[in-house]
Each structure stands twice: as structure tokens, then as C-alpha cells.
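Written out below as C-alpha cells is the structure these notes cover.
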Amino acid sequence: MPDNKYSNKSLEKEEKLWLLVGMGYTAEEALTAMDKCGPDTQIAELTDFIYAAELEKELDVCIRELPDEEDEKSYSHPRNLEFLSNKKRKLYKDEKQGSRGLWRSSKKQECGTERRIYIPNPMIGFCDPDESWPIVERKLPEAAKRLPYFYYENVALTPQGVWSKISRFLYDIEPEFVDSVYFCACARKRGYIHNLPIHNRFPLTPRPPRTIQEAIPWTKKWWPSWDGRTTLDCIHTKSGSAKLAERIRQALEEYDGEPEPPRHVQTYVLAECRKWNLVWVGRNKVAPIEPNEMEMLMGFPRNHTRGGGVCNGDRYTALGNSFQVDTVAYHLSVLKEQFPNGINVLSLFSGIGGAEVALHRLGIPLKNVVSVEISEVNRNIVRGWWKETNQCGNLIEIADVQEVTWDKLEQYVSSFGGFDLLIGGSPCNNLSGRNRVSRVGLEGEHSSLFYEYFRILDLVKCIMG
DNA sequence: ATCAACATGAGTTTTTAT
DNA sequence: ATAAAAACTCATGTTGAT
């Protein structure tokens, strides 16, 4: 019986080894890395180490083959070689900065085993939100059917190979890519990996507005005819500057006497409005949407993130990082008839409680919710909501995913009989297109916390049998 | 097939204000 | 000192033309 597999220190090593082998490394590579890096090294660091070793081996091959190599496009082109050397140096100097892009592209040709993930267009997911029946039949792998229900989320448009890797970890389940613009008035292109049934889904009611004009009607008065937007782009964590709004106002005022500004001014203004999700709040006046409006668009109750010492900057950050509630609730709606007496939830990277709010709005009673969230401000928001909505169940708060250990989980499972749903989206900082500085992929400083999601899912699976 | 032009991001770093 | 505002950014996929 593998009951105590994780409970003592010497066997933690076995878990890490198993994890790394699951990631596609050889046992030899994994053992060497664990040997050299020490027993307390995190998975992301170990993968970086293996990557660096791999790269060095590749480099040696390149250098040896250089005299014969004439092809300009080859990796042994002097410029690329210089790049590789820099990269290698950088990796050894700063192990956090590991980017696997090059490794993937050169490796792919070699073995060609990486399953390609196709992102659908339109990004509608498995079901049309106006129907309860799937538009595609999906075959869930057998292993995935034996797990507790889980739901994982991240940005859809990642660097290459990220989703195929996430999918490989999460039991080869095909991601469901959905743009929340089919549920509300703002875009939100996200991928979801889950083992929930997909028949008999239903949307939250009332259905949220689907256009800017319905969602923020008072902007209609000032909306110029040449701004054809009917929906907003993705809501993110920062808002446009007042200086920009001022520049736009000045650019437009020059043409006040004319029916509309010239083409090039329209193009400039529209590009900035799209980039920063600006709306029309007065004559020639644009402004970023406000936190209350973001709450409404994202499906949260009014003032969900307001008050209790939460400043505006925190509200923008928290809301920009959150689930779109209607979208997630549509996927979770299938749980309602299965759990009429309520569910136990393990919520990782909870943020402002998008999952909890979605379940609550579906009318699914929350029995025990273990909520893991690093930000104190966000934990306060969730706790405030929990009290305000008079929840009958227990809310257990944990600050750091690393504190979620075998012992703690086993204790929860024995006290309330197991988790019915594990839900969460791991950080996308190193995956998002907004990031021009450290979009280094899944192994990045923040995004590698995905492996914590996987670790905890795997623990829950083992504990619950 | 190939290519350029275009659309689109749950961001990070530096400077300024309080 | 900390918080807000402003400045600074590019990989990736689509489209439509040769």
C-alpha cells in the first residue's frame, strides 16, 4: 500500500523523480540534477538545471560540427552560436531566467512527438453558450475519469508548446479554449483543462450584457460613429494613463468644427482605445473603465473588491487577474445536479474568489472551501464576501501553495471526507503577451507555479485513492 | 508556398507624486 | 518611505496579397 508514499522526507525524493520523469526527462537526468542541486530544490529549478546541461551538450555538438556546417539557417551559424553562448552564460548566472523555446524548436524536429494544440477560431469551446448540448464530442482519457473533478485555467495565447505541456501533465486532456466575449461584453481568451461532463450545461441568469453599449449605456451619448467597437478587449491589470487621454482630447479638438476627424487621427485614437480599453465619457474625452465596471463585466457583485483598505491599484490588479464568472459558471453548472447538498472545494490561486462566486451564483452550497491565495488583500476580499453572503460552510485560508502538504490534505480529507472539486488558474505572468520583459514560458519565475497545481492535484488523487 | 502587414495581449520597470 | 502614474515593451497567430 503506497499510503505513506509522501509522508516522510526520504520518499519526497521519489516524488520529485517521478514528477520529472513524467515531464519527459530520463531518470538519469533527473537523478543527476537532484544530486547536484540538493534535496530541497524546487521542480522549476531542477528543470532549469537539466535544461542548462542539455543546452551545453547541444552546444558541444554544434561546436564540433561547425567546420562542416555551411547552411546559413542552421543553429551553428556564428550569430546563433553567440546567442546560445550568451544564453548559456545567463542561465548559469541566473537560473530563474530559463527559456525553453530553443530547446523545443530544435528538439521537435528531432523526435516530432509533441502533440500540436490547435486553438479554435471562433474560440467558442465545446459548447455554444446558448445551448446545453456540446457541438463536439470529446473523448476523456480513461485515467482522467478516475480523478476527482478538477478545473485548470490559464491564458490561451501562450508561447509555443506551453499548452501541450500543460495538457501532457493534466492527463492528456484536450484544453477547452473559450473567449469570454461570447458570455459578456469583454474579450478574455482562456484555455481550460477539466474532467467535468460537458452535457447539460446552463448559463447563469440574468445573462450579462453582450455589448459595451448595453453594459455602459451612458457612454452612447459620446460614442463617435467612427469608433465601431461593440465589445471591449481583454481586461488586464493596468489602466491607461491620464496623459494619454489628454493627448487624445487635444488631437480631436483640432477638428471640432468638422463632422469627423481625418482618417489618420481616427486610426491613432482607435488604436490607443483598443490597447487600453478606453471608453467615451465626454466630448472628445476617453477614460479607462472603472473598477466597478470591471466587477460587473467580470460577473462579480457590485463593490466586491471595494473597501476594507483595498486601494484602486489593488482592485485593478485583482480584477485583471480574475476569472470571468459567467464563463466559468457555465462550465461548472453541470455540478449542480450532482451535488444538491453542497460540495467541498480546494481552490488554488483563488484571487478574489471567482470560483467561489461562480459556484455560489449557481446555487451550489459551499460546504468546505480550502482557499489558497498569496495576496493578503485578496484573502480579505474573499473572507469579506464569505461573511457578507452568510455562507453556512467553512472557509479555510492558506497563504502559500507550498504550505499545502500531504499531511494537511490528509487531515482535510479525513475531516470532511474528500474534495469534490479542485479548481484554479496558475500565474500567467511569463506566458502573457502583455509581458515584454520576461515572457519566458512555463518555466518562468511565476508561471512555473503550474507545477504546484499539478503536485497538489496528484496528492489529492493519491490520498483519495 | 512565402511574406509583409496587421491585430492582440490576467506585464515590468522607471519616474513622479504624496 | 510607499503608492500611483507614466513610459517601455514583442512573441505569436491571422489574413490577404503576390
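Be aware that the first sequence starts at 242, since it is given in this note's numbering, and climbs by one per residue. Glycine included, each C-beta is placed from N, C-alpha and C at the ideal position.
8 Å CB neighbourhood of residue i in its chain, flanking five on each side removed
i           : result
residue 605 : 573, 576, 577, 580, 583 and 584
residue 658 : 585
residue 262 : 268 and 271
residue 388 : 412, 436, 698 and 702
residue 705 : 389, 654, 659 and 660
residue 449 : 424, 425, 426, 456, 537, 538, 540 and 567
Beta-carbon proximity list for residue i, same chain, < 7 Å, skipping 5 on both sides
i           : result
residue 478 : 557, 558, 561 and 562
residue 555 : 618
residue 351 : Low per-residue confidence applies at residue 351: pLDDT is 32, beneath 50, and the placement is therefore not dependable enough to give any value.
Distance CB(residue i)-CB(residue j) smaller than 8 Å
i           : j           : result
residue 593 : residue 569 : no
residue 707 : residue 621 : Nothing in the structure corresponds to residue 707, since the chain is present only between 242 and 706.
residue 512 : residue 473 : no
residue 433 : residue 390 : no
residue 519 : residue 528 : yes
residue 376 : residue 405 : no
residue 565 : residue 443 : no
residue 634 : residue 672 : no
residue 414 : residue 447 : no
residue 625 : residue 400 : no
Span separating the alpha-carbon of residue i from that of residue j
i           : j           : result
residue 492 : residue 504 : 12 Å
residue 589 : residue 663 : 8 Å
residue 615 : residue 285 : 19 Å
residue 613 : residue 691 : 14 Å
residue 661 : residue 677 : 39 Å
residue 411 : residue 525 : 49 Å
residue 674 : residue 656 : 43 Å
residue 436 : residue 482 : 42 Å
residue 510 : residue 489 : 6 Å
residue 253 : residue 281 : 10 Å
residue 647 : residue 438 : 28 Å
residue 499 : residue 523 : 17 Å
residue 532 : residue 553 : 7 Å
residue 670 : residue 267 : 29 Å
residue 371 : residue 535 : 23 Å
residue 445 : residue 397 : 23 Å
residue 642 : residue 693 : 7 Å
residue 294 : residue 595 : 41 Å
residue 349 : residue 451 : Note that residue 349 scores 32 on pLDDT, short of 50, meaning its location in the model is unreliable and no value can be drawn from it.
residue 256 : residue 395 : 25 Å
residue 319 : residue 457 : Only weak support exists for where residue 319 lies, its pLDDT of 25 falling under 50; the value from the coordinates is given anyway. The alpha-carbon atoms of residue 319 and residue 457 are separated by roughly 56 Å.
residue 679 : residue 689 : 13 Å
residue 644 : residue 651 : 13 Å
CA nearest to the CA of residue i, picked from the options
i           : options               : result
residue 665 : 591, 512, 537 and 423 : 591
residue 544 : 464, 522, 629 and 500 : 629
residue 480 : 463, 498, 516 and 451 : 516
residue 428 : 703, 380, 373 and 567 : 567
residue 475 : 514, 607 and 457      : 514
residue 440 : 597, 374 and 259      : 374
residue 409 : 600, 640 and 260      : 260
residue 571 : 599, 547 and 587      : 599
residue 501 : 464, 485, 484 and 486 : 464
6 Å CB neighbourhood of residue i in its chain, flanking five on each side removed
i           : result
residue 507 : 467
residue 366 : 417 and 419
residue 290 : 274 and 278
residue 636 : 610 and 627
residue 687 : 668, 670 and 671
residue 422 : 428 and 472
Inset, instruction - Pick out the complete alpha helix (DSSP H) segments inside the region 551-579, 4 residues or longer, and give them in chain order. - result: 553-561 and 566-573
Inset, instruction - Give, in chain order, every unbroken run of the alpha helix (DSSP H) that is at least 4 residues long and sits entirely within the region 680-706. - result: 691-705
Legend entry - Within the region 646-672, ranges of the beta strand (DSSP E) (whole runs, at least 3 residues): 662-666
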